[in-house]
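A.B. asks: Just dropping this structure here.
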Amino acid sequence: MMSTYRYLGDRLARLSGSPLVGQHCRAVHDERGKCIRGRNGSMLVEFATGRAVVPGRQLRKNPAPTR
């Protein structure tokens, strides 16, 4: 199951006009199927443009599609 998120951006990203703010991304999983998180709460995600490490607190999970 792939987790998809929307990146809200931190204060510096919003002020600098980062193109990643507001974009949708997918979590990168390890071989156990768990999301890759850093010790400081950061998370490895994959945007359409490539992978990036972003603060996990700035990610909002997208709702699951209804069936």
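The C-terminal position of the sequence shown is numbered 67 in my numbering, with every residue numbered one higher than the one before it. Quick reminder that beta carbons are idealized off the backbone N, C-alpha and C, glycines included.
(1) Under the DSSP definition of a beta bridge, which residues are partnered with residue 3?
(2) Which same chain residues, not among the five before or five after residue 60, have their C-beta less than 7 Å away from its C-beta?
(3) Could you say which of 11, 62, 38, 14 lies nearest to residue 53 if we only look at CA atoms?
(4) For residue 42 versus residue 56, is the C-beta spacing smaller than 8 Å?
(5) According to DSSP, which residues form a beta bridge with residue 50?
(6) On the three-state DSSP scale, how would you describe residue 16?
C.D. replies: In brief:
(1) Taking the first residue of the sequence shown as 1, we reach residue 3 at position 3. Looking at the DSSP assignment, residue 3 forms no beta bridge with any residue, so it has no partner.
(2) The residue labelled residue 60 in the question sits at position 60 within the sequence shown. Counting only Cβ-Cβ distances below 7 Å, and skipping sequence neighbours, we find 5, 6, 8.
(3) Along the sequence shown, read from residue 1 onward, the residue named residue 53 stands at position 53. Minimum Cα distance to residue 53 is reached at 38.
(4) The residue given as residue 42 occupies position 42 in the sequence shown. The residue given as residue 56 occupies position 56 in the sequence shown. In this structure, residue 56 lies closer than 8 Å to residue 42 by Cβ.
(5) Translated into the one-based positions of the sequence shown, residue 50 becomes position 50. Residue 50 pairs with 47.
(6) Position 16 of the sequence shown, counting from 1, holds the residue named residue 16. Note: residue 16 maps to helix in three-state DSSP.
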